[in-house]
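Okay, so the sequence shown: first residue is 3 according to my numbering, each after it adds one.
Glycine included, each C-beta is placed from N, C-alpha and C at the ideal position.
In what follows, a structure is listed as structure tokens, so that the remarks can point back to it.
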Amino acid sequence: MPVIEKAKTLIWFAQRPSYWRHAVALARRKFGEDFDSPALQAEASQWASERTVSVAEALTSLGFLSAGNRPPEIEQGVLLRAHESARQSKVAMGGAGDIGLLYAATVLSGTRTAIETGVAYGWSSLAILAGLDTREGALLISVDMPYPKMDNEAFVGVAVPDELRVGWLLVREPDRRGVEKAIEMAGRSVDLVHYDSDKSYQGRAYAYPLLWDALRTGGVFISDDIGDNLAFRDFMAHQRVPFAVTCFEGKHVGIARKHDSSVEFRSK
Ligand SMILES: C[S@@+](CC[C@H](N)C(=O)[O-])C[C@H]1O[C@@H](n2cnc3c(N)ncnc32)[C@H](O)[C@@H]1O
Numbered sequence: 003m004p005v006i007e008k009a010k011t012l013i014w015f016a017q018r019p020s021y022w023r024h025a026v027a028l029a030r031r032k033f034g035e036d037f038d039s040p041a042l043q044a045e046a047s048q049w050a051s052e053r054t055v056s057v058a059e060a061l062t063s064l065g066f067l068s069a070g071n072r073p074p075e076i077e078q079g080v081l082l083r084a085h086e087s088a089r090q091s092k093v094a095m096g097g098a099g100d101i102g103l104l105y106a107a108t109v110l111s112g113t114r115t116a117i118e119t120g121v122a123y124g125w126s127s128l129a130i131l132a133g134l135d136t137r138e139g140a141l142l143i144s145v146d147m148p149y150p151k152m153d154n155e156a157f158v159g160v161a162v163p164d165e166l167r168v169g170w171l172l173v174r175e176p177d178r179r180g181v182e183k184a185i186e187m188a189g190r191s192v193d194l195v196h197y198d199s200d201k202s203y204q205g206r207a208y209a210y211p212l213l214w215d216a217l218r219t220g221g222v223f224i225s226d227d228i229g230d231n232l233a234f235r236d237f238m239a240h241q242r243v244p245f246a247v248t249c250f251e252g253k254h255v256g257i258a259r260k261h262d263s264s265v266e267f268r269s270k
């Protein structure tokens with residue numbers, strides 16, 4: 003990165019105290035061991051590919067769906083309106099999570115309280131909100147740090163239609179602090195977690211255990227892009243719980259169900 007751009011980035015972070023913990027973590031990562039090297043990514047991608055099953059098989063293997071049944075699907079009209087809103091925003095943001103898996107997992111688990119990290123256009127937010135148990139008090143808390151210097155804050159969550167925004171809280175902060183804040187807001191008990199923000203090994207090693215601890219027994223844990231590094235594989239090895247891997251638009255998604263047998267996962 004040219005010196006002027008580096009200086010601009012430094013000033014951008016300096017002006018935002020809520021980003022300082024995130025900035026320190028980035029600096030540490032830069033000078034520490036590389037857990038996201040191409041070799042480790044290749045290993046993670048192969049590990050995930052070897053385990054990939056369909057969404058229906060994943061939900062069945064975790065006990066959310068009866069064998070031979072089809073997962074519930076999100077209403078097409080909602081998606082069409084969301085595509086139109088996203089098209090009109092004309093900004094470039096991160097790619098969508100697996101809407102089909104998220105919607106079905108939310109409905110089938112009877113989720114009333116969920117936390118997700120990483121919003122961008124808000125496809126995953128839309129899917130979770132559309133699937134929430136609609137009794138009063140249902141809640142999705144989303145944590146999102148808009149990309150530095152991109153000026154896209156106004157468009158974060160643009161795909162979420164107005165009628166689904168009741169019961170949606172957006173914490174506009176980096177995971178470091180934002181995740182802890184979201185867990186407090188959720189009363190430290192969550193039915194479903196979706197992780198789709200900081201994809202580095204260290205980012206996941208920080209947030210996975212916090213989110214996992216907040217998940218109720220029997221709750222659903224979903225993480226995007228698990229083929230980027232070995233964090234999901236290592237986390238599952240420590241938790242020793244049932245999990246499955248699906249594939250959405252070439253990216254691997256991990257889904258697990260929390261059982262009582264959790265053991266601690268140490269952050270690197
Ligand atoms: C891949 S996009 C999320 C896509 C979204 N889940 C969907 O399905 O539409 C990743 C988002 O996470 C945000 N993000 C990246 N690193 C983050 C961090 N450390 N803390 C919070 N948000 C972060 C990005 O700004 C971006 O909005």
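Give me the Cα-Cα distance between residue i and residue j, rounded to the nearest whole angstrom.
{"i": "valine 192", "j": "leucine 213", "result": "8 angstroms"}
{"i": "alanine 88", "j": "glycine 79", "result": "14 angstroms"}
{"i": "leucine 110", "j": "leucine 194", "result": "11 angstroms"}
{"i": "alanine 258", "j": "proline 19", "result": "34 angstroms"}
{"i": "lysine 151", "j": "lysine 10", "result": "9 angstroms"}
{"i": "glutamate 165", "j": "phenylalanine 33", "result": "46 angstroms"}
{"i": "arginine 72", "j": "glycine 169", "result": "28 angstroms"}
{"i": "arginine 268", "j": "valine 93", "result": "Bear in mind that the predicted position of arginine 268 carries a pLDDT of just 45, short of 50, making it unreliable; the figure below should be weighed with that in mind. So the alpha carbons of these two residues sit roughly 37 angstroms apart."}
{"i": "leucine 28", "j": "glycine 70", "result": "46 angstroms"}
{"i": "methionine 238", "j": "isoleucine 185", "result": "21 angstroms"}
{"i": "methionine 95", "j": "isoleucine 117", "result": "20 angstroms"}
{"i": "isoleucine 76", "j": "proline 211", "result": "30 angstroms"}
{"i": "glutamine 17", "j": "asparagine 154", "result": "17 angstroms"}
{"i": "glutamate 138", "j": "glycine 189", "result": "16 angstroms"}
{"i": "threonine 54", "j": "valine 5", "result": "43 angstroms"}
{"i": "arginine 218", "j": "leucine 81", "result": "30 angstroms"}
{"i": "glutamate 182", "j": "alanine 216", "result": "10 angstroms"}
{"i": "methionine 3", "j": "isoleucine 13", "result": "15 angstroms"}
{"i": "glycine 102", "j": "tyrosine 208", "result": "27 angstroms"}
{"i": "glutamate 86", "j": "glutamate 35", "result": "43 angstroms"}
{"i": "glycine 65", "j": "leucine 104", "result": "15 angstroms"}
{"i": "arginine 167", "j": "glycine 252", "result": "30 angstroms"}
{"i": "valine 26", "j": "glutamate 7", "result": "18 angstroms"}
{"i": "phenylalanine 15", "j": "aspartate 230", "result": "26 angstroms"}
Give me, in chain order, the residues of the same chain whose beta-carbon lies closer than 8 angstroms to that of residue i; leave out the 5 immediate sequence neighbours on both sides.
{"i": "leucine 232", "result": "Phe37, Leu42, Glu45, Ala46, Trp49, Tyr203"}
{"i": "serine 56", "result": "Thr248"}
{"i": "valine 265", "result": "Only weak support exists for where valine 265 lies, its pLDDT of 48 falling under 50; the value from the coordinates is given anyway. Hits under 8 angstroms: His240, Gln241, Arg242."}
{"i": "methionine 147", "result": "Tyr21, His24, Arg174, Glu175, Pro176, Asp177, Gly180, Ser199"}
{"i": "alanine 58", "result": "Leu67, Asn71, Arg72, Pro73"}
{"i": "lysine 270", "result": "Interpretation of lysine 270 is limited by its pLDDT of 44, a score under 50 that renders its predicted location unreliable; the figure taken from the coordinates is listed afterwards. Cβ within range, chain order: Glu35, Phe37, Tyr203, Gln204, Ala207."}
Suppose the cutoff is 6 angstroms on Cβ atoms and the five residues either side in sequence are ignored; what does the same chain contact list for residue i look like?
{"i": "phenylalanine 250", "result": "Asp100"}
{"i": "glycine 180", "result": "Val145, Val173"}
{"i": "arginine 235", "result": "Trp49"}
{"i": "arginine 206", "result": "Ala233"}
{"i": "isoleucine 228", "result": "Ala50, Phe234, His254, Gly256"}
{"i": "valine 121", "result": "Ser127, Ser144, Asp146, Val158, Gly159"}
To the nearest whole angstrom, what separates the beta carbons of residue i and residue j, a pair I think is in contact under 8 angstroms?
{"i": "threonine 115", "j": "leucine 141", "result": "5 angstroms"}
{"i": "proline 244", "j": "serine 63", "result": "7 angstroms"}
{"i": "alanine 84", "j": "alanine 156", "result": "Actually they are not in contact, since the Cβ atoms of alanine 84 and alanine 156 sit about 17 angstroms apart, beyond 8 angstroms."}
{"i": "serine 126", "j": "alanine 106", "result": "Not a contact, Cβ separation roughly 13 angstroms."}
{"i": "arginine 23", "j": "proline 176", "result": "7 angstroms"}
{"i": "alanine 246", "j": "alanine 60", "result": "4 angstroms"}
Could you work out which residue in the options is closest to residue i when comparing CA atoms only?
{"i": "threonine 135", "options": "Lys151, Glu155, Thr113, Val121", "result": "Looking at the sequence provided, one finds aspartate at residue 135 rather than threonine. The shortest C-alpha separation from aspartate 135 is found at Thr113."}
{"i": "aspartate 223", "options": "Tyr208, Gly256, Asp230, Lys201", "result": "This sequence places phenylalanine at residue 223; aspartate is not what is there. Of the candidates Tyr208, Gly256, Asp230, Lys201, the one whose C-alpha sits nearest the C-alpha of phenylalanine 223 is Gly256."}
{"i": "serine 39", "options": "Ala209, Tyr208, Lys201", "result": "Lys201"}
{"i": "proline 163", "options": "Arg190, Ala129, Gly189, Val26", "result": "Ala129"}
{"i": "tyrosine 197", "options": "Gln17, Ser225, Asp153", "result": "Ser225"}
{"i": "tyrosine 149", "options": "Ala209, Leu131, Arg137, Tyr123", "result": "Tyr123"}
{"i": "valine 158", "options": "Trp14, Gln90, Gly102", "result": "Gln90"}
Could you name the residues of the same chain whose beta carbon sits closer than 7 angstroms to that of residue i, not counting the 5 residues immediately before and after it, in chain order?
{"i": "glycine 220", "result": "Arg259, Lys260"}
{"i": "methionine 187", "result": "Ile143, Leu171"}
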